[in-house]
Structure formats: structure tokens, C-alpha cells
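Q: Residue numbers (this note's numbering), protein chains in the order written: chain A, 1 to 412; chain B, 413 to 572.
Okay, handing you the structure first.
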Amino acid sequence: MSDEPKRKVESAGLVEYSVENLVPFGPIHPALKEPEYFKLILEGEKIVQVIPRIGYVHRGLEKAAESRPWVQNMYMFERTCGICSFVHSLCYGQAVEELTMYEVPKRAKFIRLIIAEMERIHSHLLWVGLMGHWAGFETLFMWVWRDREVVLDLVEAISGNRVHKSMNAIAGVRRDMPENMEDRIVERMKFLADRARYYRDVIDSEETMLERTENIGGLSADLAEKLCAVGPMARYVGLQHDVRLNDPYAAYDEVPFDIVTRKEGDVLALLRLRLDEMIASTNMVSYAVKHLPEGPIRVKIPPIIPAGEHASHCEAPRGEIFYYVKSNGGRTPERVKSRQPTMANLPTALEILKGQTIADVPIVLTAIDPCFGCMDRMSFLDIESNRQWTWSGEQLRQYGINYYFPERLKKK
Amino acid sequence: MSEAFIERITKLAADTKAKTSKPRKGETFVEVDQSNVRDFISRLVNEVHVLHLSTITGLDLGQNFGVIYHFTYDRDWVQVKTLVPKTTPTIKSIVDIIPGAILYEMEIHDMLGLTFEGNPWINQKLLLPDNWPADLPPPLLKTSKPAEIRKRLHLEVEKK
């Protein structure tokens with residue numbers, strides 16, 4: 001922003017401020033987490049406006065897809081995310097399958113459900129751990145991430161990979177379920193469900209978590225609907241927004257499950273919701289493994305996809321994921337559009353941040369389960385005193401913990 | 413629910429002189445003229461209560477830009493398509509009707525150079541790098557070549 005020092009930015013009518021007051025810093029920050037940038041405008045301790053600047057890791061996948069074959073694109077889009085990788089290839093695959101008119105075999109649909117739900121379990125566990133980390137409850141972080149290994153091992157046993165499963169093919173899956181895995185999967189799922197129930201109890205009784213999460217990050221259902229929130233961010237205020245239920249894909253119309261919604265609309269509700277959702281996912285995986293139908297796992301399709309356009313959406317761990325595919329009848333797509341759940345939830349997150357204190361920023365931003373390590377660097381601008389400063393993610397975390405638990409500071 | 417819903421959409425489309433087609437079961441594809449698209453969407457939101465906008469897709473169709481608004485909340489999909497000529501790449505924003513559309517419009521502005529009139533943040537960059545030269549065409553146009561963009565951006569870095 002340093003190149004346009006005189007420009008005035010209107011921030012949705014609330015506050016006007018001049019860009020020359022902001023601290024400029026490098027566009028890309030080579031830290032552990034992905035670089036994102038939020039301009040927080042403060043009035044004392046309270047945040048009055050947030051302006052996002054994303055795209056530092058934008059790699060032009062949509063453009064790249066236009067010069068690659070249909071099948072290759074599937075594995076490229078899987079690399080969009082390192083956590084919910086499977087659902088990207090699933091969603092892209094479904095859009096392409098709709099154009100080819102090939103029916104996906106039933107067994108493949110069940111295998112897709114199993115992997116997608118395991119991915120949800122692993123993503124939610126990762127998130128619960130991160131919440132513990134940002135709230136200053138490191139024990140929870142360590143325990144939850146240990147349990148996450150259980151589900152990652154299962155994914156590795158089925159697909160051969162921990163993160164980028166590469167299980168999907170267009171009109172099917174590439175690998176069958178290994179033999180004699182059924183008992184092992186059911187047993188591990190029971191273990192994970194027990195652990196999730198235990199973490200529910202921990203969160204309900206542990207002061208550290210309650211104090212940092214209760215009545216923080218409030219949102220009304222109306223506003224969530226207007227801002228097009230998706231996934232858990234819509235369900236924690238009571239909206240029944242779940243693609244698995246509203247528009248079933250894969251085998252979701254054959255596997256029974258309960259949609260989890262809550263009414264409270266605070267970060268604590270999100271924690272409970274994601275843990276409950278995890279328990280629901282373990283039940284779904286156990287059911288699907290027991291009722292896995294026999295038959296082929298994929299259909300071979302020609303490399304040329306008929307002309308046409310189609311969209312597809314799936315329920316990723318973070319919410320609705322959306323792909324639009326346009327073909328002109330060639331070996332490569334004419335256009336692929338991909339929209340990730342974090343993009344859809346960002347306006348909601350910005351809205352929630354308004355009125356919070358700086359100490360709550362890490363918790364609230366983590367609460368949307370962002371696909372970026374957004375707390376990496378932020379610049380602060382205090383309207384009253386016109387003071388500016390920049391904090392790293394770690395400094396911000398410490399500030400939050402000290403704000404809520406000053407006694408820990410004294411001990412040191 | 414479904415039949416009545418589709419009937420209401422069809423009626424609404426007839427009111428705003430739009431063409432409807434049903435490419436697949438449960439899917440309504442509406443082609444609206446650019447001047448009527450805001451009217452159509454505001455009536456879709458206020459009268460039919462289709463509130464969830466999944467995303468907005470921008471397309472480069474040679475002479476025109478294509479803009480598709482995907483309303484895919486449940487089984488009944490409504491996709492609203494409109495064409496914007498490249499000679500006047502401006503379309504009215506729908507942020508006041510659907511506040512959640514703000515980032516999608518910014519994304520299309522960055523990627524295709526299509527301006528959304530009335531979006532308060534439209535002149536800020538969302539995805540493109542800060543050193544993106546003003547004279548370089550937007551990256552997602554069919555005429556933009558990745559190799560040229562890369563070369564140009566390297567030159568910009570060297571200039572500093």
C-alpha cells in the first residue's frame with residue numbers, strides 16, 4: 001500500500017482514515033504459516049473496522065487449469081489445501097462427471113464418503129488443538145494432535161498418503177479399501193468418539209477455555225445468512241446449512257447422520273459443535289465401512305470431455321466448497337472456478353471482529369478455521385492516539401494470554 | 413416445495429424479460445440482460461427468499477464478459493448469467509442486496525478487470541500483487557499469457 005500514499009479508503013461507511021497512517025511492510029513474509037494481512041482499525045482497545053488483504057500465496061491455479069488435461073487438474077486442485085485436500089478433488093471431479101454423464105459406481109461413492117469424513121475428523125481435531133494453543137491451553141493442543149495421528153494413520157493405510165490422498169479419479173476412486181480393515185477402522189472410530197466426548201467434558205469444565213471462548217465472537221443468524229456464511233460458521237447460530245443434508249452427494253443419501261446445529265453463537269458453541277460433528281462423522285465412517293457395497297470402483301472415461309458447463313458443491317470441513325467447470329469439448333477445460341469455504345466465511349469473520357478487543361483477535365480469527373495462518377502479522381492503528389505498531393503472531397498470542405490470565409505473568 | 417419454487421423463479425424471470433432453461437433436474441439457469449440483473453437478484457432475495465449466494469464466476473467469452481451468480485443453497489439451484497460487453501466493462505454491484513458478495517466482486521475485478529459499480533472496496537487489490545503494473549492486462553483473460561506475466565513481474569522486482 002506504500003505506493004499510493006494519498007489515497008483515501010472508505011471502509012463501508014463506518015470510519016474513514018488515510019492510508020498514509022498505516023505501517024507498510026513486505027508483501028510476502030516467509031514465516032511458518034501462510035501470509036495474510038488484516039488492517040485492524042482501533043478505537044482504544046475496540047476494533048471498529050477490519051480490511052483484509054489476501055492473495056500473498058495466490059498461485060493462479062484457475063489459469064493453470066486452462067492449459068492442463070482434465071485428469072491432471074484433479075490432482076492439481078487437490079494441492080489447493082494441505083488439510084481438506086480430498087474434498088477439492090471430489091468437488092472438481094463431480095462437476096466433470098456431470099459433464100461426461102458417466103455414473104460413479106456405488107462402492108466408489110462409499111469410499112469417497114469414508115475418506116471425506118476421515119478428513120473432517122482430522123481437520124476438526126487440528127482445529128481444536130489450535131484453539132487450545134491460541135487460548136493458552138497447550139496441554140489440549142498436545143493431546144488433540146496426538147489423537148489426530150490415529151485418523152491420519154488410518155488414512156495412510158487406505159490411501160498410502162497422509163495429506164494428499166490422491167484417491168479420486170474422474171468417475172470413481174483409484175484405490176480399493178484394503179482387506180480386513182473393517183474391524184480396525186470401527187475400533188479406532190470408537191476410540192476417537194470417546195476422545196471427542198472427553199474433550200467436550202474438558203472444554204465444559206476447564207476455566208482456561210471457558211473464559212477465553214464464552215460470549216466471544218457473537219453473531220446473529222440474520223447477519224450470518226446475509227453474509228453468506230457456510231459450514232460451522234452458519235450452523236453455530238442455528239442455520240441448517242449443510243450440503244450433505246441439503247443436496248446430498250457421494251453416498252450421503254444412504255448413510256444416516258444427524259446435522260449438528262447450536263444456537264448460542266459464540267466461540268464456545270463452535271468448539272462444542274465441531275466436537276459433536278466429529279462424533280457424528282465417526283458414526284458415519286463406522287456405518288459406511290460395515291455397509292460397503294461390492295462392485296467396481298471406477299469407470300474408465302475418455303480424455304475428451306463433452307462441451308458444456310456445470311457447477312458442483314460439497315461440504316468441506318470448513319463449509320461449502322464450490323467448483324464451476326466449463327468445457328468446450330477439448331482435452332483441457334475452458335474455465336475452472338474454485339471457491340474455498342474460507343473465502344465465503346471471511347466477510348463473516350470481519351463482521352465478528354468488530355467490537356472485539358485485540359486480545360480476542362487470535363481466538364476469533366482461528367474460530368472460522370481459516371485456511372491460512374492469518375495471525376502471522378498484523379498492523380495496528382489507534383484512532384485516538386494515532387499510534388501505530390506491528391506485532392508478530394507469537395507476540396499477539398502472548399498478549400491475549402496475559403490479558404486474560406495476568407497471574408501467569410506474575411509467576412514468571 | 414420444489415415445483416412451486418421453480419414456478420416462482422420462472423414467473424420472476426418472465427417479469428424481468430429473462431430466458432430460463434433447465435439443463436438438469438432441479439437446476440434453473442437464468443439468462444438476464446445486464447440492465448435487469450440487479451432487479452432480478454433483489455426480487456430473488458426479497459420475494460423468493462433465496463438468500464445464500466455461493467459465489468460469482470467471471471468468464472472471458474471473447475467479445476463479452478460472462479458473470480454467473482450461483483445460488484446453490486439446496487437441491488434447487490438458481491444460476492443467473494449475464495453478459496457484459498468488453499468495451500464497457502462495468503456492471504452494478506449487488507453488495508447492498510447481498511453483503512456477502514463483496515469479496516467475490518473484488519476477486520473478479522482483480523482477475524478479469526470487470527468493475528462493479530457501488531462496491532466500496534472495489535479499488536483495493538485483493539489477490540493481485542501490490543507491484544502489479546497498471547498497464548498489464550488482468551491475468552485471467554484468454555489473451556494473457558502466464559509466461560509474459562511472469563517475465564513482466566520479474567522486471568518489476570528488478571526495478572526496485
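The beta-carbon is built from N, C-alpha and C at its ideal position, and this holds for glycine as well.
Is Asp472(B) helix, strand or coil when you go by DSSP?
A: Three-state DSSP puts Asp472(B) in a strand.
Q: Quick one: which residues of the region 207–233 of chain A get their C-beta closer than 7 Å to a C-beta of chain B? List them in chain order.
A: Going along the region 207–233 of chain A in chain order, one finds Glu225, Lys226, Leu227 and Cys228 with a Cβ nearer than 7 Å to chain B.
Q: Which of helix, strand or coil does DSSP assign to Ala367(A)?
A: Looking at Ala367(A) - three-state DSSP - the assignment turns out to be helix.
Q: Give the secondary structure of Asn458(B) by DSSP, where H, G and I count as helix, E and B as strand, and everything else as coil.
A: Looking at Asn458(B) - three-state DSSP - the assignment turns out to be helix.
Q: Using the three-state DSSP reduction, which class does Tyr428(A) fall into: helix, strand or coil?
A: The requested residue 428(A) does not occur in the structure, where chain A is confined to residues 1 to 412.
Q: Excluding five sequence neighbours on each side, which residues of the same chain lie with their C-beta closer than 6 Å to the C-beta of Leu140(A)?
A: Closer than 6 Å at the Cβ level, and outside the excluded window around Leu140(A), lie Gly132.
Q: Output needed in chain order: residues of the region 41–70 of chain A with a Cβ under 9 Å from some Cβ in chain B.
A: Those residues of the region 41–70 of chain A that come within reach of chain B (Cβ to Cβ, closer than 9 Å) are Ile51, Pro52, Arg53, Ile54, Gly55, Tyr56, His58, Gly60, Glu62, Lys63, Ala64, Glu66 and Ser67.
Q: Expressed to the nearest angstrom, what Euclidean distance is found between the alpha-carbon atoms of Leu245(A) and Pro256(A)?
A: Leu245(A) and Pro256(A): Cα-Cα distance of roughly 10 Å.
Q: Could you give the C-beta distance for Ile301(A) and Tyr102(A), rounded to a whole number, given that I count them as a contact under 8 Å?
A: At roughly 6 Å, the Cβ-Cβ gap stays under 8 Å, so Ile301(A) and Tyr102(A) are in contact.
Q: Using a C-beta to C-beta distance shorter than 9 Å, which residues of chain B count as neighbours of Met343(A)?
A: Neighbours of Met343(A) on chain B, chain order: Thr467, Leu515, Tyr516 and Glu519.
Q: Please check if any C-beta of chain B sits within less than 7 Å of the C-beta of Asp194(A).
A: For Asp194(A), the answer is no, since every Cβ of chain B falls outside 7 Å of its Cβ.
Q: Three-state secondary structure (DSSP) at Leu442(A)?
A: Because chain A spans 1 through 412 in this model, residue 442(A) falls outside it and cannot be assessed.
Q: Note down the Cα distance separating Glu264(A) from Arg272(A), rounded to an integer number of angstroms.
A: Between Glu264(A) and Arg272(A), the C-alpha separation is close to 11 Å.
Q: So what does DSSP say about Pro362(A), is it helix, strand or coil?
A: Looking at Pro362(A) - three-state DSSP - the assignment turns out to be helix.
Q: List, in chain order, every chain A residue whose beta-carbon is nearer than 9 Å to that of Pro558(B).
A: Near Pro558(B) (Cβ distances below 9 Å), the residues of chain A are Gly60, Lys63, Ala64 and Ser67.
Q: Which residues, taken in chain order from the region 323–342 of chain A, show a beta carbon closer than 8 Å to some beta carbon of chain B?
A: Hits within the stretch, in order: Tyr324, Lys326, Arg335, Lys337 and Arg339.
Q: Which of the three DSSP states, helix, strand or coil, is assigned to Gly512(B)?
A: Helix.
Q: Is Cys228(A) near Leu567(B), with beta carbons less than 7 Å apart?
A: Cβ atoms of Cys228(A) and Leu567(B): not closer than 7 Å.
Q: With DSSP collapsed to three states, give me the class of Thr100(A).
A: Here Thr100(A) sits in helix by DSSP.
Q: Beta-carbon separation of Val267(A) and Ile401(A) under 7 Å?
A: No, the Cβ-Cβ distance between Val267(A) and Ile401(A) is not below 7 Å.
Q: Glu149(A): buried (16+ other C-beta within 10 angstroms of its C-beta) or exposed?
A: Flag for Glu149(A) reads exposed.
Q: If you reduce the DSSP assignment to three classes, tell me which class Lys165(A) lands in.
A: Coil at Lys165(A), not helix or strand.
Q: Taking just the CA atoms, how far does Ala196(A) sit from Ile121(A)?
A: Ile121(A) and Ala196(A): Cα-Cα distance of roughly 10 Å.
Q: So, is the C-beta of Leu350(A) closer than 7 Å to a C-beta in chain B?
A: No, because no Cβ of chain B sits closer than 7 Å to the Cβ of Leu350(A).
Q: Using 10 angstroms around the beta-carbon of Arg377(A), count the other beta-carbons present and answer buried if the total reaches 16, otherwise exposed.
A: Only weak support is given to the placement of Arg377(A): the predicted model assigns it a pLDDT of 36, under 50, and the value that follows is read from those uncertain coordinates. Under this definition Arg377(A) is a buried residue.
Q: Using 10 angstroms around the beta-carbon of His291(A), count the other beta-carbons present and answer buried if the total reaches 16, otherwise exposed.
A: Exposed, by the Cβ-count rule.
Q: Taking Cys314(A) as the reference, give the member of Lys63(A), Leu90(A) and Ile47(A) with the closest Cα.
A: Cα-wise, what sits closest to Cys314(A) is Leu90(A).
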